[in-house]
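Letter by letter, the sequence shown follows residues 68 to 560 of our numbering.
All C-beta atoms, glycine included, are put in the ideal place defined by N, C-alpha and C.
I have placed the structure first, in the form of structure tokens, so that the comments after it can refer back to it.
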Amino acid sequence: MADFKPIIRKIGRVVEAHDGIVLIEGLPTVMVEEAFVCENGVRGMCIGFDETTVKGILFEGWDTVKRGMEVRPEGELLTIPVGEEFLGRVVNPLGCAIDGKKEVRSRASEPLRMQSIEAPALSVVMRDVVEETVVTGIKAIDALIPVGRGQRELILGDPKIGKTSLALDAIIAQKESKASGSPLKCIFVFCGGKRVQLTQVIEVLRSGEALDYTIIVAATSSEPASLQYIAPYAGMAMAEYFREKGENVLIVFDDLTKHAWAWRELSAMLERIPGREGYPGDVFYLHSRLLERAGRKKGGGSITALPIAQTQAGEISGYIPTNIISITDGQIYLESDIFNKGIRPAINVGLSVSRVGGRAQHPVLRALTKGLRLSIAQYEELQRVGGFEIEISEDRQKEIARLKTLYEIFMQPERAPMELELQCLVLFAAHEGYLAEWAEKGKLREAEENLSEFVRANFPELKKHVWEASDVTPALKEEFTKILKSMFHSSKP
68 MADFKPIIRK IGRVVEAHDG IVLIEGLPTV MVEEAFVCEN GVRGMCIGFD
118 ETTVKGILFE GWDTVKRGME VRPEGELLTI PVGEEFLGRV VNPLGCAIDG
168 KKEVRSRASE PLRMQSIEAP ALSVVMRDVV EETVVTGIKA IDALIPVGRG
218 QRELILGDPK IGKTSLALDA IIAQKESKAS GSPLKCIFVF CGGKRVQLTQ
268 VIEVLRSGEA LDYTIIVAAT SSEPASLQYI APYAGMAMAE YFREKGENVL
318 IVFDDLTKHA WAWRELSAML ERIPGREGYP GDVFYLHSRL LERAGRKKGG
368 GSITALPIAQ TQAGEISGYI PTNIISITDG QIYLESDIFN KGIRPAINVG
418 LSVSRVGGRA QHPVLRALTK GLRLSIAQYE ELQRVGGFEI EISEDRQKEI
468 ARLKTLYEIF MQPERAPMEL ELQCLVLFAA HEGYLAEWAE KGKLREAEEN
518 LSEFVRANFP ELKKHVWEAS DVTPALKEEF TKILKSMFHS SKP
């Protein structure tokens, strides 16, 4: 008996449980966001408390939790498994497989590890300058609204306008970065959408051969609001695992508007005081603490974030959109009027901006697009007000025709990302007038496809020359001209 030492455990009891919400008494020292387990194995997380009870959320099996059940806090924040083995898989925010395959298991060479879904953002002294480009394969973005590794760039627009498609094309384009030896691992966080939409996302990535280097973290609209709430944080935890290893990650959050809806639903059930549009007062912090975790780390490794948010009837100044705009480093705005004209992607260049990506843009592409963004924005404005009805000089007409060709170059079908060197070549061809005749006859897309096939077959070394160049040097200009003359000498519209 002298050696007897009692084991002391913190144990609470369920007072009330409904709709994924649980109230617990008897845990006066529990932390906010601390994980707990009910006696039947159901996991949850504390998200608040009052004088006598702890308020928590349950992730799965909440309907099996009954009044009076024991609850044991785990003494740490909620953790999920992370590791290389998740690549190519579809999992829920707790790391459980939902793709019909076996559960993700550790391997001897690199076991899975548990990582908290919440983590502090990198401090200023631990951050590095964003100066390396992310090639999205989308000409309008790479040329006019460039994104750098470690940047946070919002994709914004009305529903059903191509926001998810834009992000998926950016992921598919990373197949090229993988082949070049500078790969980006990709994570797609699907939050609050329909199951059929998730199936479409998986199929697009599979057909684009992008699933092998992508993790899909999914919480559909049929899942509890609690799972939808933690989904973006779980995805970011997986991204941080790769960044700590010195790797580069591209993470897409689709979408944060529905994420805010899930938090509003949970807050309403917890009887928190609503604020503007029914959202709780901490809705800004909901997304700021998530997106601040992205960035480029000194010593190697980066997380590039592409959050998606919805507008209603083109209202870019809505509550959630303006919140996220103020957090991110720029936005890509997709407009319904442009979409309805049949222009894809429907990017409004004038209202889109990249605040830090210009530094990271490849120097050859930067030289070829100097002043182009303003010209394209002016061309969009002229189209909007019908500016072509007035009498203008012949020189001005030629300039407008040149801008029209350049504007049409940035039209691009889905699932057709273009390599950096081909983007540079196409822009050079447009500036030098090689594409004018093709544009007049409405065959610009055909010219691009022919040129791409021609370069891949006959000038594979162009990739190396463009990536190594620091400007449009005379030698590079000569190589561009040689390719274009060879191509268009034998190919006519």
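Within the stretch 382-416, complete beta strand (DSSP E) segments of at least 3 residues are found at 397-401, given in chain order. Under the three-state reduction of DSSP, Gln182 is assigned to strand.
Put simply, of His532, Asp321, Leu494 the residue whose alpha carbon is nearest the alpha carbon of Leu551 is Leu494.
With distances taken between CA atoms, Arg360 lies nearest to Ala301 out of Ala301, Val268, Ala376, Arg523.
Taken through DSSP and simplified to helix, strand or coil, Lys168 comes out as coil. Per the coordinates, the alpha-carbon of Val97 lies some 48 Å from the alpha-carbon of Gln428. In the DSSP assignment, Ser355 falls outside any beta strand (DSSP E) and within the unbroken alpha helix (DSSP H) covering 350-358. Selection Ser355, Gly385, Ala380, Ala237 evaluated against Val316 yields Ala237 as nearest (Cα-Cα). In the DSSP assignment, the residues bridged to Ser369 are Asn315, Arg363.
According to the DSSP secondary-structure assignment, Leu235 is paired through a beta bridge with no residue. In terms of Cα proximity to Leu272, the closest of Val263, Trp328, Ile283 is Ile283. A distance below 7 Å between beta-carbons, with the five flanking residues on each side excluded, links Ser293 to the following residues of its chain, in chain order: Gly87, Ile124, Leu125, Phe126, Leu333. A check of alpha carbon separations from Phe477 across Phe257, Arg440, Arg180 identifies Arg440 as the nearest. With respect to the C-alpha of Ser421, the residue from Arg219, Leu357, Ala277, Met136 having the closest C-alpha is Arg219. Listed as beta-bridge partners of Cys105 by DSSP are Val138. Using a 10 angstroms sphere on the CB of Glu486, the tally of other CB atoms reaches 16 or more, which defines it as buried. With contacts defined as CB atoms closer than 8 Å, Val416 and Ala444 qualify as a contacting pair.
If you compare the alpha carbons of Val533, Met112, Tyr308 with that of Gln182, the shortest gap goes to Tyr308. Beta-bridge partners of Lys252 (DSSP): Val316.
With distances taken between CA atoms, Glu198 lies nearest to Arg216 out of Arg216, Ala207, Ala329. The C-beta separation of Val81 from Val89 comes to about 6 Å, placing the pair in contact by the 8 Å criterion.
Beta-bridge annotation (DSSP): Gly224 is paired with Gln377, Leu401. Nearest in C-alpha terms to Gly366, of all of Met193, Glu516, Asp396, is Met193.
Around the Cβ of Asp279, a 10 Å sphere holds fewer than 16 other Cβ atoms; the residue is exposed. With fewer than 16 other beta carbons inside 10 angstroms of its own, Asn525 counts as exposed. Sorting Gly162, Ile387, His85, Glu185 by C-alpha distance to the C-alpha of Asp349 places Ile387 at the top. When the alpha-carbon of Thr200 is set against those of Ala329, Ala542, Thr120, Leu251, the nearest one is in Leu251. In the three-state reduction of the DSSP assignment, Lys122 falls in the strand class. In the structure shown, Gly302 adopts helical secondary structure according to DSSP, grouped into three states. In this chain, the alpha helix (DSSP H) harbouring Met336 covers 323-336.
If you draw a straight line from the Cα of Glu475 to the Cα of Pro484, it is about 16 Å long.
Per the coordinates, the alpha-carbon of Val158 lies some 12 Å from the alpha-carbon of Ile269. Within the same chain, Asp225, Gly385 come within 8 Å of Gln379 by CB-CB distance, once the 5 residues on both sides are set aside.
With respect to Val109, Val132 sits close: the two C-beta atoms are nearer than 8 Å.
Pro430 places its beta carbon 8 Å or farther from that of Gln479.
Relative to the Cα of Ile91, the nearest Cα in the group Asp538, Arg426, Glu461, Glu137 belongs to Glu137.
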